[in-house]
Amino acid sequence: MRWTQTLIPTLKETPADAEIVSHKLLLRAGLIRKLTGGLYTFLPLGLRALRKVEQIVREEMDRAGASEVLMPALQPTDIWQQSERYEIMRDVLFKVRDRAKKEWVLGPTHEEVITTLVANEISSYRQLPRNFYQIQVKFRDEIRPRFGLMRAKEFIMKDAYSFDVSDEAAQASYQKMYDAYSRIFKRCGLKTIPVEADTGAIGGKFSHEFMVPAETGENEVVYCEKGDYAANVEKATSGRKSTFAASNSATEKFPTPGIVTIEGLSKPPYSVAAQAQIKTLVYVVASKIVLVLVRGDDQANEAKLTGAFGTGEFRAATPEEIFGALGAHPGSLGAVNVTKFPVYADEALRGASEMTTGANEDGFHLRNVSIDRDIKVTLWADLRTVCAGEPCPVCGQALKIQRAIEVGHVFKLGTKYSKAFNAVFLDEGGQQQLAIMGCYGIGITRTLQAVIEQSNDKDGIIWPASVAPYTVCITPLAVAPETEVMKMAERLYAELSAAGVEVIIDDRDERPGVKFKDADLVGFPIRIGVGEKSLAKGEVELKLRGGALTSIQPDQVVGRIKELLATSK
Ligand SMILES: [Zn+2]
48 MRWTQTLIPT
58 LKETPADAEI
68 VSHKLLLRAG
78 LIRKLTGGLY
88 TFLPLGLRAL
98 RKVEQIVREE
108 MDRAGASEVL
118 MPALQPTDIW
128 QQSERYEIMR
138 DVLFKVRDRA
148 KKEWVLGPTH
158 EEVITTLVAN
168 EISSYRQLPR
178 NFYQIQVKFR
188 DEIRPRFGLM
198 RAKEFIMKDA
208 YSFDVSDEAA
218 QASYQKMYDA
228 YSRIFKRCGL
238 KTIPVEADTG
248 AIGGKFSHEF
258 MVPAETGENE
268 VVYCEKGDYA
278 ANVEKATSGR
288 KSTFAASNSA
298 TEKFPTPGIV
308 TIEGLSKPPY
318 SVAAQAQIKT
328 LVYVVASKIV
338 LVLVRGDDQA
348 NEAKLTGAFG
358 TGEFRAATPE
368 EIFGALGAHP
378 GSLGAVNVTK
388 FPVYADEALR
398 GASEMTTGAN
408 EDGFHLRNVS
418 IDRDIKVTLW
428 ADLRTVCAGE
438 PCPVCGQALK
448 IQRAIEVGHV
458 FKLGTKYSKA
468 FNAVFLDEGG
478 QQQLAIMGCY
488 GIGITRTLQA
498 VIEQSNDKDG
508 IIWPASVAPY
518 TVCITPLAVA
528 PETEVMKMAE
538 RLYAELSAAG
548 VEVIIDDRDE
558 RPGVKFKDAD
568 LVGFPIRIGV
578 GEKSLAKGEV
588 ELKLRGGALT
598 SIQPDQVVGR
608 IKELLATSK
């Protein structure tokens, strides 16, 4: 490719609305352009890099035995009603109407479509297992698109769906995808941490997210440096044990005027340690009041609450609702002798005694509370968020927390969709069975941006060769035709192209400094500089992105580059 024939609109200045480095570099390196919030055009170089990621994903999915299909982005709403996700996903579903005013959905995912297909086309255990995947545009009605391709209204995903005859077979399919994902991200040059993720109602360990550690990530990963434990913060547990004073003193009400926080009570004259307090939270779950208790120094975890409540449809109660229910305002709340409402308690409070909690009377607390004796707990569950420094649940070493970008997710679905769409098969005994499903996503556009987020320096992008838009950029320092410099540049361009190396020649009539800066900004792994001075010595310059300049004889260029590419694989 010739630079002057394509479109690489590099920018010196950072666009004002780009917040994170990868978003800035996508724009500055001329890889994408914004049409409007959350919608981007891929320019030639951006598209080439995107296709590289797609191709790696495709090769590894094929290698893992999956078959590629392509499903419609436009979907009828009735299948979304059939799966009951029309309501559940209403906040993100993109809906459009046709001229007859009929409503349609622009798919954010394709469980409904693939299960409809399989229900029609597969009828015997002999046809299973099967795994179908596609690489396709998805839509999400994102209110606040941010961070470029990271959170957009339209994006490209690889989504795959496996169908199996048994739980055991489904787990084997899951493991194949887990392994394929590990290979995919490695080939993209990405360091990822596979972490245990929330499984909702399905339970078990069959949900993993592949996370790219990055300070700008929207997720948090809890992990042990020994490598024996990693989970997203929604799922993470720790080996922390609560110890409580053993005592049987009677509860005692005492005045705490103006004290409405855990911290306030932890200071003199009260000096009640946060971990000796019970924090009482009040939620409205499906229009009913529910009390949630965690240790004073702990935070309730929304994802874990969703699991415990069995629904994501809940919110914190308003002060008015709380006063109506408990007769006190936030800061003086407790669950002692509360029988009218369900009380959900975090596991860390099991067996707690000598605790202090609100008295459900403004300005008063209760001390010497024993949870078993004084509080009627409806349900015990893990409801709290793990903090950095708590012991690893496997080995006891202090856990760390790291922000990260989610690039892939493997998930065992079970029979939720096969039930909804009657995806059944006849087993060996002629009995009808529901297919066991799994679903597996990779954000292709997001993975591309994650590569940039993880691999850059002050000068620009540092592409791994596997994803770079072009491997080599030839930079003639002057471009007047028929000069020795330009002849050599053209010769190397022809030789490298013939050798199957992806090469671009910067044939712009620009100062060398401008060209070098642009080559670094775009991040081509190898740059070949052809100038009068070095040519006089029978040499050209070879520079690895971020590395030192070396001189090389023109005849050795192709061989040397092939060598470099072989070792980078
Ligand atoms: Zn550990």
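Heads up, the numbering used here is the position in the sequence shown plus 47, with the first residue counted as 1.
Glycine included, every Cβ here is placed at the ideal spot set by N, Cα and C.
Around the beta carbon of Cys-442, fewer than 16 other beta carbons sit within 10 angstroms, so the residue counts as exposed. Ile-489 sits close to Met-204, with the two beta carbons spaced by under 8 Å. Bridge partners of Lys-81 according to DSSP: Tyr-87. Cβ neighbours of Asn-348 within its own chain (closer than 7 Å, five residues either side excluded): Glu-281, Leu-430, Arg-431 and Thr-432. With respect to the C-alpha of Asp-567, the residue from Thr-518, Ala-546, Pro-601 and Ile-309 having the closest C-alpha is Thr-518.
In this structure, the C-beta of Asp-275 approaches ligand 1 to less than 7 Å from one of its heavy atoms. When secondary structure is reduced to three states using DSSP, Tyr-225 falls in the helix class.
Relative to Arg-98, the option among Pro-516, Leu-524 and Met-533 whose CA is nearest is Pro-516.
A direct Cα-to-Cα measurement between Thr-263 and Thr-53 gives close to 32 Å. Per the C-alpha coordinates, the member of Lys-335, Arg-342 and Ile-336 positioned closest to Val-319 is Arg-342. Here Phe-301 is exposed, its C-beta having fewer than 16 other C-beta atoms within 10 Å. Comparing alpha-carbon positions, the option among Ala-445, Pro-366 and Tyr-330 lying closest to Thr-358 turns out to be Tyr-330. As the crow flies, the alpha-carbon of Leu-352 is around 15 Å from that of Val-424. Within its own chain, the residues whose Cβ lies closer than 8 Å to the Cβ of Gln-129, once the five positions on either side in sequence are excluded, are Glu-159, Ala-467 and Phe-468, listed in chain order. By the neighbour-count definition (other C-beta atoms within 10 Å, threshold 16), Pro-119 is an exposed residue. Residue environment for Glu-168: exposed (fewer than 16 other C-beta atoms within 10 angstroms of its C-beta).
Contact annotation: Arg-538 and Leu-196 have beta-carbon atoms that are not nearer than 8 Å.
Beta-bridge pairing by DSSP links Ser-114 to Phe-179. Inside the region 531-575, DSSP marks whole alpha helix (DSSP H) runs of 4 or more residues at positions 531-545 and 559-569, from first to last along the chain. Counting only runs of at least 3 residues, the region 323-360 fully encloses the following beta strand (DSSP E) elements, listed from N- to C-terminal order: 325-332 and 335-342. If you ignore the 5 residues before and after Val-577, its C-beta comes within less than 6 Å of the C-beta of Pro-523, Val-532, Met-535, Ala-536 and Val-587, all in its own chain and listed in chain order.
Counting other Cβ atoms within 10 Å of its Cβ, Lys-326 reaches 16 or more and is therefore classed as buried. Residue state for Glu-281 is assigned as coil, using DSSP reduced to three classes. In its chain, beyond the 5 residues on either side, Ser-581, Lys-584, Glu-586, Val-587, Glu-588 and Leu-589 have a beta carbon closer than 8 Å to the beta carbon of Ser-598. Between the C-alpha atoms of Lys-447 and Val-269 there is a straight-line separation of about 6 Å.
Assigned with DSSP and collapsed to three states, Arg-397 falls in coil, not helix or strand. Just so you know, the alpha carbons of Thr-365 and Val-259 end up roughly 38 Å apart. One thing to note: Ala-292 has its Cβ within 8 Å of the Cβ of Ser-400. Approximately 4 Å separates the beta-carbon atoms of Tyr-487 and Ala-207; this is inside 8 Å, confirming the contact. The beta carbons of Ile-509 and Gly-594 sit no closer together than 8 Å.
The Cβ atoms of Gly-84 and Pro-192 lie closer than 8 Å to each other. Closer than 7 Å to some heavy atom of ligand 1: that describes the Cβ of Cys-271.
With respect to the C-alpha of His-70, the residue from Val-498, Ala-323, Asp-393 and Thr-162 having the closest C-alpha is Val-498. Between the alpha carbons of Asp-409 and Glu-367 lies a gap of roughly 14 Å. In the assembly as shown, Val-332 is a buried residue. Its beta-carbon has 16 or more other beta-carbons within 10 Å.
Bounds of the alpha helix (DSSP H) holding Thr-124 are 124-129.
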